[in-house]
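4 is the number of the first residue of the sequence shown in the working numbering; add one for each residue after it.
Some notes on the structure that comes next.
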Amino acid sequence: MTLVASFINLLILLLIIFAFSAFSKVRISPGKARLVVGFYIALLFVTVPVFYAIAEPSTPEPFEVIENGPGQYSYHDSQINAFYDAFNEGRLDDYEGAEIIARWSFDYQEERLKITAPDYERYSTPIVMERKDVRDGKLEVFSYAPKSSNRLTLANPPDIRLQGNQLEILQPERIHLEAARFCHDFTMAQFTGRGYSMDRMDHFFGDMVFYLRIPEDLQIDTDESTEHDIHFLNE
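Set out below in C-alpha cells:
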C-alpha cells in the first residue's frame with residue numbers, strides 16, 4: 004500500500020509539472036493562477052490523511068523495561084546492561100564491551116585513605132573497589148566506558164588527584180559538541196517513506212565507571228560525596 008501511495012503521489016506531481024509546462028506558453032490571468040495554487044494546497048490537505056489512512060497496519064516495537072536491582076539498570080540496551088553487570092562483578096578487564104579511557108597509579112604507604120569527590124553535586128561516578136592479595140603500597144585507578152559499534156560515545160574522564168591521605172575525584176572538563184544530522188526533507192520523504200521521525204540516532208554520553216585496586220590492608224574512608232558510589236568486591 005505504501006508503494007501504491009508513493010506511485011500516486013508521483014503521478015500527481017508529474018501531472019502538475021506537465022500542466023505548468025503546458026500553460027507556461029499561455030498567458031494565465033491572476034484569477035486562474037490563484038485557482039491552481041488553491042488546488043495544489045487543497046491537494047496537499049487531502050493527500051496527508053489519505054496517506055495515513057492507507058498505511059499498513061503494524062505492531063509497536065516492544066520496549067524492554069528492567070527492574071532496578073543488583074547489577075541491573077533501567078536501560079533498554081542489553082549491551083549497557085552487560086557492561087554494568089561486568090562492572091559490578093569485577094570483570095571489566097576481561098569484558099570485550101568495555102575500554103579503558105584513562106588510568107592512574109599512585110604510591111601510597113599510609114594505613115587509611117579517604118575517597119572524596121568535591122564536585123559530587125554536579126558529577127558522580129560509580130566506583131568498584133578490589134583489594135589485592137599483596138601489600139605493594141600502590142593505588143591503581145582505571146576509568147572504563149562501554150563501547151558499541153552503532154553508538155556515539157563521548158567519554159571525558161574525571162581527573163584523579165592524590166592529596167595527602169585523600170584521593171580526590173575531580174569533575175572533568177566540559178566538552179563542547181556541535182553535531183549535524185542529515186535527513187530527507189518532505190520532498191523526498193513522501194516517496195521514500197524515510198523522514199526525520201523514522202530514524203533514531205543512537206548515542207549516549209558519559210557512561211563511565213572507576214575500577215580501583217588497593218593494597219589488602221588499606222582502610223577506606225568515605226564522605227557524603229562518595230559513600231553511595233563505592234561498591235567493594237567480595238566484601
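All C-beta atoms, glycine included, are put in the ideal place defined by N, C-alpha and C.
Nothing here was measured: the structure is a model prediction, and the numbers come from that model.
Here's the rule I'm using: 16 or more other beta-carbon atoms within 10 Å means buried, otherwise exposed. How should residue i be labelled?
i    : result
L170 : buried
I163 : buried
Y214 : buried
I130 : buried
A22  : exposed
V53  : exposed
V144 : buried
F90  : buried
L236 : exposed
A101 : buried
L13  : exposed
Sort the options by Cα distance to residue i and report the nearest one.
i    : options                : result
A148 : L116, R106, I118, L165 : R106
G93  : F109, M132, K150       : M132
K150 : T50, V212, F42, Q82    : Q82
G140 : D110, N84, P52         : D110
M211 : Y87, K35, E227         : Y87
P175 : L13, S228, N237, A120  : A120
E230 : S127, V137, N168       : S127
N168 : R177, R138, D122, Q112 : Q112
D226 : R177, I172, V39, P33   : I172
I19  : I44, P33, R138         : I44
T50  : I11, R37, A36, A85     : I11
For residue i, which residues in the same chain have their Cβ closer than 8 Å to its Cβ, ignoring the five residues on either side in sequence?
i    : result
Q222 : E114, R115, L116
K135 : R216, I217, P218, E219
L46  : I15
D224 : R115, L116, K117, I118
S108 : K141, L142, E143, V144
A85  : Y98, G100
Leaving aside the five residues before and after residue i along the sequence, list all residues of the same chain whose C-beta is less than 6 Å from its C-beta, in chain order.
i    : result
I104 : S146, A148, A158, P160
D232 : S127, P129, I130
Y98  : A89
Kindly list the residues whose CB is nearer than 7 Å to the CB of residue i, restricted to its own chain and excluding five residues on each side of it in sequence; keep chain order.
i   : result
L95 : A89, A101, Y147, Y214
K35 : none
Considering only residues of the segment 96-165, which uninterrupted beta strand (DSSP E) runs meet the minimum length of 3 residues and lie entirely inside it, listed in chain order?
Entirely contained in the segment 96-165, the beta strand (DSSP E) runs reaching 3 residues are, in chain order, 101-110, 115-119, 130-134, 141-149, 155-157.
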